[in-house]
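A.B. asks:
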Amino acid sequence: MRVLIVEDEKPLRDSVVEQLRQAGFNVDAAADGEEGLYCAREYALDLAIVDLGLPKLNGMELIKKLRAEGKSYPVLILTARDKWQDKVEGLQAGADDYLAKPFHFEELLARMQALLRRSGGWAQPVLRCGAVALDPRTQEVTVNARRVDLTSFEYRILEYLIHRAGEVISKGELTERLYAQDFDRDSNTIEVFIGRLRRKLDPDDSIKPIETLRGRGYRFALQRESAA
Amino acid sequence: MGPRSLSTRLLASVSILLIVFFGITIAALDFAFRRVTEQAMHDRLEAQMLALISASEEDSSGGLLPAPEKTEERLKNPGSGLYGEILRSDGYPSWRSNSLTGTGLDFAVQLPSGQRQYRQLHRGDGSPVRALSRSIAWEFDNGVTRTFVYSVAEDLEPYYAQLNRFRGQLFGWFGLLMLLLLGSLAFLLRRLLTPLRRIEHEIEEIEAGRMTELGAGYPRELLGVTTNLNALLRGERERLARYRNTLGNLAHSFKTPLAVMRNLLSGVPGRDLPIGKQLDEQVGRMDDIVKYQLKRAAASGGTGLGTAPIDVRSALEPLRAALLKVYADRNIDCELVIAPACVFTGDREDLTEVAGNLLDNAFKWSRGKVRMTAHPISDPTARRDGLRLVVEDDGPGIPVDERAHVLERGARLDERVSGQGIGLSVVRELAQLNGGTIAIDESPLGGAFIEIRFPAT
Chain A
10 MRVLIVEDEK
20 PLRDSVVEQL
30 RQAGFNVDAA
40 ADGEEGLYCA
50 REYALDLAIV
60 DLGLPKLNGM
70 ELIKKLRAEG
80 KSYPVLILTA
90 RDKWQDKVEG
100 LQAGADDYLA
110 KPFHFEELLA
120 RMQALLRRSG
130 GWAQPVLRCG
140 AVALDPRTQE
150 VTVNARRVDL
160 TSFEYRILEY
170 LIHRAGEVIS
180 KGELTERLYA
190 QDFDRDSNTI
200 EVFIGRLRRK
210 LDPDDSIKPI
220 ETLRGRGYRF
230 ALQRESAA
Chain B
9 MGPRSLSTRL
19 LASVSILLIV
29 FFGITIAALD
39 FAFRRVTEQA
49 MHDRLEAQML
59 ALISASEEDS
69 SGGLLPAPEK
79 TEERLKNPGS
89 GLYGEILRSD
99 GYPSWRSNSL
109 TGTGLDFAVQ
119 LPSGQRQYRQ
129 LHRGDGSPVR
139 ALSRSIAWEF
149 DNGVTRTFVY
159 SVAEDLEPYY
169 AQLNRFRGQL
179 FGWFGLLMLL
189 LLGSLAFLLR
199 RLLTPLRRIE
209 HEIEEIEAGR
219 MTELGAGYPR
229 ELLGVTTNLN
239 ALLRGERERL
249 ARYRNTLGNL
259 AHSFKTPLAV
269 MRNLLSGVPG
279 RDLPIGKQLD
289 EQVGRMDDIV
299 KYQLKRAAAS
309 GGTGLGTAPI
319 DVRSALEPLR
329 AALLKVYADR
339 NIDCELVIAP
349 ACVFTGDRED
359 LTEVAGNLLD
369 NAFKWSRGKV
379 RMTAHPISDP
389 TARRDGLRLV
399 VEDDGPGIPV
409 DERAHVLERG
419 ARLDERVSGQ
429 GIGLSVVREL
439 AQLNGGTIAI
449 DESPLGGAFI
459 EIRFPAT
């Protein structure tokens with residue numbers, strides 16, 4: 010998942026970026042509103058975290074511009090003023106949730122996961138597709154209630170595919186969403202990871218969770234389960 | 009009795025003055041008129057007396073009679089109102105005028121020679137007459153001198169009638185004069201006080217929020233008042249905005265380091281600190297104190313002049329929409345019941361803070377249903393309606409023994425009540441700063457019932 014954080018306070022930005030990376034996110038950071046707008050236009054994002062009190066272009070304006078340009082991914086606002094008027098205006102401008110400073114990182118993570126889940130069309134915290142279940146809160150993956158051990162990168166690919174289960178996702182999109190810019194973007198590595206995922210999730214080749222559509226990409230093929 | 013208007017006071021004072029002045033004038037005129045008419049009557053009776061004496065002639069029986077051709081006509085006619093009598097000192101009634109017939113008037117007079125008497129008598133029917141008697145010695149042709157008492161009298165009724173007519177005219181004219189004077193005074197006052205009434209009207213408009221300051225074109229004497237009042241109104245609005253902005257900046261510059269601290273504590277180096285949890289708790293306390301005190305300080309604290317009444321629906325609908333968005337996962341049914349024409353007289357930000365905190369708490373604790381109701385509180389003696397705001401949920405509610413605790417003065421920052429956070433303390437503070445009250449009860453929905461009442465003012 011690729012997220013953008015726009016926060017002018019460097020120590021806070023650095024600390025959040027570091028923790029988000031550790032939590033498995035591909036993170037872009039911007040220090041002011043204009044830089045934030047640039048990043049939001051340039052990168053394919055899954056979520057943006059925007060501080061309301063930004064230099065150059067304030068958070069409210071940034072969100073309005075993003076929405077006006079058709080960016081539909083979830084936006085979470087951070088606010089130090091903690092005024093209801095600000096929260097209401099932020100949400101009216103197009104944000105989806107707010108968090109008052111100072112916040113616990115766990116709280117931020119939980120809100121982000123809930124927003125990502127909702128944007129993928131999931132109503133329940135645990136994402137279930139057929140025999141496969143993925144809990145973003147614990148990063149635990151089970152197949153038929155059997156726990157599957159995945160590496161960090163394998164998990165990130167699977168999480169992205171399951172989030173958008175049923176949709177075709179190209180190799181390029183996967184690379185862009187999951188790799189940080191300075192990583193090696195060889196599309197062959199994606200193929201290698203998909204192969205490993207298939208073996209771990211489906212060792213006897215019975216449920217066929219990940220479909221390859223030649224020349225187009227991959228699709229998580231198991232049916233979503235919306236029941237609790 | 010309350011203070012009366014300037015024009016009422018002035019008119020009342022002038023009326024009292026006029027009544028006193030006119031009263032004295034009327035009394036003086038009345039006195040003078042009575043003296044003059046009394047004197048005229050006395051002179052008339054003296055003249056009649058002299059005429060009677062000079063007309064007198066001796067008769068055969070040793071008495072005196074007025075010669076008929078020299079006798080005043082009125083004395084000959086019964087009921088004429090002028091009476092006469094000549095009485096000899098031994099009691100022999102020498103002559104009685106015809107006009108005395110049937111009047112029952114008795115002069116009953118005994119006077120030593122040369123004396124006179126002026127007095128009031130009554131006829132048989134009780135009506136008053138003025139009578140003059142005079143005793144004279146008459147020397148007859150045969151050389152005998154006898155004493156006679158001459159009396160003349162005149163009815164007082166015509167005099168009284170004249171006096172009453174005079175008084176009627178006097179009161180009539182002076183009354184008319186007073187009405188004219190008061191009328192012109194009222195008219196002048198109206199014209200003179202027009203600018204003051206305009207100020208009064210414009211201040212009402214400002215209070216109602218339809219104007220933001222007083223208009224131009226006031227007379228020179230009032231310009232000082234109006235320009236200064238406008239400056240005060242503008243200053244007050246600007247001061248609140250500036251103040252809030254400063255508080256916002258303060259919150260921002262204070263909370264950002266707190267946020268950094270909190271994140272460092274949960275990050276890689278901080279996670280391993282043994283005192284990390286304690287430090288994090290302290291960060292939380294500092295945050296609560298700042299949040300509580302800043303919200304309290306940012307409250308407008310009542311009706312800002314020149315601010316329009318807030319349409320409650322327009323303030324609450326966006327809050328509801330915002331919270332539904334934030335709590336989208338929870339599928340909460342949030343019902344908003346707002347009476348028509350429901351307004352809040354005060355600051356929009358204060359209302360939004362109160363309602364926002366209450367609704368947020370309700371959403372937090374609800375199992376699926378939240379209801380917010382708003383009704384005006386009417387009071388015929390007040391200019392502006394109050395507002396009753398109720399927020400209910402179907403959550404666990406607030407236990408009875410904790411309710412008072414939540415509402416106690418002085419935020420319970422150190423011993424927060426069962427996850428209500430500082431929300432309710434802030435709500436209580438804001439409500440009280442706006443003259444309102446807060447009450448906690450149990451809702452028919454099953455959870456908390458929180459009622460805020462802003463009284464009519």
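Quick mapping for you: the protein sequence lines, in order, are chains A and B. The numbering used here numbers the first residue of the first sequence as 10 and each following residue consecutively. The numbering used here numbers the first residue of the second sequence as 9 and each following residue consecutively. Glycine included, C-beta positions come from ideal geometry on N, C-alpha and C. Note that the structure is a prediction, hence the values are computed from the model and not measured.
If you draw a straight line from the alpha carbon of residue 459 (chain B) to that of residue 451 (chain B), how long is it in whole angstroms?
C.D. replies: Rounded to whole angstroms, residue 459 (chain B) to residue 451 (chain B) spans 10 angstroms at the Cα level.
A.B. asks: DSSP has residue 380 (chain B) in a bridge; who is on the other side?
C.D. replies: Paired residue(s): B:344, B:399.
A.B. asks: Residues of chain B with a CB under 9 angstroms from the CB of residue 112 (chain A): which are they?
C.D. replies: The answer, in chain order, is 267, 270, 271.
A.B. asks: Can you tell me whether residue 17 (chain A) is buried or exposed, with buried defined as 16 or more other CB within 10 angstroms of its CB?
C.D. replies: Under this definition residue 17 (chain A) is a buried residue.
A.B. asks: Name the chain A residues that come within less than 9 angstroms of residue 360 (chain B), Cβ to Cβ?
C.D. replies: Within 9 angstroms Cβ-Cβ: 92, 93, 94, 97.
A.B. asks: Among the candidates A:210, A:122, A:71, whose CA atom is the shortest distance from the CA of residue 155 (chain A)?
C.D. replies: Comparing Cα positions, the closest option is A:210.
A.B. asks: If you scan the stretch 102 to 144 of chain A from start to end, which runs of the alpha helix (DSSP H) of 4 or more residues do you find wholly inside it?
C.D. replies: Counting whole runs of 4 or more residues, the stretch 102 to 144 of chain A contains the alpha helix (DSSP H) stretches 114 to 128.
A.B. asks: Assuming contact is defined by CB atoms lying nearer than 8 angstroms, are residue 210 (chain B) and residue 241 (chain B) in contact in what I supplied?
C.D. replies: Not in contact: residue 210 (chain B) and residue 241 (chain B) (Cβ atoms no closer than 8 angstroms).
A.B. asks: Quick check for students: name the residue ranges of the beta strand (DSSP E) that lie wholly in the stretch 21 to 72 of chain A, counting only runs of 3 or more.
C.D. replies: 35 to 39, 56 to 60, all fully within the stretch 21 to 72 of chain A.
A.B. asks: Determine the direct distance from the alpha carbon of residue 132 (chain A) to that of residue 26 (chain A), and round the result to whole angstroms.
C.D. replies: Their backbone Cα atoms lie some 27 angstroms apart in a straight line.
A.B. asks: Could you give the residue range of the beta strand (DSSP E) that holds residue 220 (chain A)?
C.D. replies: Its beta strand (DSSP E) spans residues 219 to 222.
A.B. asks: Tell me residue 74 (chain B)'s beta-bridge partners as DSSP assigns them.
C.D. replies: Partner(s): B:64.
A.B. asks: Are the CB atoms of residue 57 (chain B) and residue 162 (chain B) within a distance shorter than 8 angstroms?
C.D. replies: No.
A.B. asks: Report yes or no: is there a C-beta of chain A within less than 8 angstroms of the C-beta of residue 289 (chain B)?
C.D. replies: No - not a single Cβ of chain A is within 8 angstroms of the one on residue 289 (chain B).
A.B. asks: Please list the residues of the stretch 218 to 236 of chain B that have a C-beta atom closer than 8 angstroms to any C-beta atom in chain A, keeping them in chain order.
C.D. replies: Flagged: no residues at all.
A.B. asks: With 16 as the cutoff for other CB atoms within 10 Å, does residue 177 (chain A) come out buried or exposed?
C.D. replies: Classification for residue 177 (chain A): exposed.
A.B. asks: Determine, using beta carbons only, whether residue 137 (chain A) comes closer than 8 angstroms to chain B.
C.D. replies: It does not: the Cβ of residue 137 (chain A) has no partner Cβ on chain B nearer than 8 angstroms.
A.B. asks: Using a Cβ-Cβ cut-off of less than 7 angstroms, list which residues of the stretch 248 to 260 of chain B approach chain A; keep chain order.
C.D. replies: Answer in chain order: 256, 259, 260.
A.B. asks: Pick helix, strand or coil for residue 389 (chain B), following the three-state DSSP scheme.
C.D. replies: Residue 389 (chain B) falls in the coil class under three-state DSSP.
A.B. asks: Distance check for residue 93 (chain A) and residue 341 (chain B), CA to CA, integer angstroms please.
C.D. replies: Taking the straight line joining both Cα atoms gives about 21 angstroms.
A.B. asks: With residue 175 (chain B) as the anchor, note down where its alpha helix (DSSP H) starts and where it stops.
C.D. replies: 165 to 215 is the span of the alpha helix (DSSP H), which, as asked, contains residue 175 (chain B).
A.B. asks: Select from the stretch 346 to 373 of chain B all residues with a C-beta closer than 7 angstroms to any C-beta belonging to chain A, and list them in chain order.
C.D. replies: Listed by position along the chain: 357, 360, 361, 364.
A.B. asks: Determine the DSSP secondary structure at residue 307 (chain B), reduced to helix, strand or coil.
C.D. replies: Here residue 307 (chain B) sits in coil by DSSP.
A.B. asks: Is it right to say residue 36 (chain B) is buried, meaning 16 or more other beta carbons lie within 10 angstroms of its own, or is it exposed?
C.D. replies: Under this definition residue 36 (chain B) is an exposed residue.
A.B. asks: Using DSSP bridges, identify the partner residues of residue 136 (chain B).
C.D. replies: Partner(s): B:130.
A.B. asks: Are the beta-carbon atoms belonging to residue 120 (chain A) and residue 134 (chain A) less than 8 angstroms from one another?
C.D. replies: No, the pair does not count as a contact, with Cβ atoms beyond the cut-off.
A.B. asks: With DSSP collapsed to three states, give me the class of residue 456 (chain B).
C.D. replies: Residue 456 (chain B) falls in the strand class under three-state DSSP.
A.B. asks: Which residues of chain A have a Cβ atom closer than 7 angstroms to the Cβ of residue 341 (chain B), listed in chain order?
C.D. replies: Ordered by position in chain A, no residue passes the 7 angstroms Cβ test against residue 341 (chain B), which lies about 16 angstroms from the chain.
A.B. asks: Roughly how many angstroms lie between the CA atoms of residue 227 (chain A) and residue 164 (chain A), to the nearest whole one?
C.D. replies: Using only the alpha carbons, I get a separation of about 15 angstroms.
A.B. asks: What is the DSSP secondary structure of residue 149 (chain A), counted as helix, strand or coil?
C.D. replies: Here residue 149 (chain A) sits in strand by DSSP.
A.B. asks: Please state the DSSP three-state secondary structure of residue 94 (chain A).
C.D. replies: Helix at residue 94 (chain A).
A.B. asks: What does the alpha-carbon distance come out to for the pair residue 317 (chain B) and residue 351 (chain B)?
C.D. replies: Distance between the alpha carbons of residue 317 (chain B) and residue 351 (chain B): 6 angstroms.
A.B. asks: For chain B, find out if any of its Cβ atoms is closer than 8 angstroms to the Cβ of residue 125 (chain A); answer yes or no.
C.D. replies: False, the Cβ-Cβ gap to chain B never drops below 8 angstroms.
A.B. asks: Under three-state DSSP, which class holds residue 153 (chain B)?
C.D. replies: Note: residue 153 (chain B) maps to strand in three-state DSSP.
A.B. asks: Measuring straight from C-alpha to C-alpha, what distance separates residue 384 (chain B) and residue 237 (chain B)?
C.D. replies: Distance between the alpha carbons of residue 384 (chain B) and residue 237 (chain B): 31 angstroms.
A.B. asks: Measuring only between beta-carbons, confirm whether residue 399 (chain B) sits less than 8 angstroms from chain A.
C.D. replies: Not closer than 8 angstroms to any Cβ of chain A, the Cβ of residue 399 (chain B) fails to qualify, so no.
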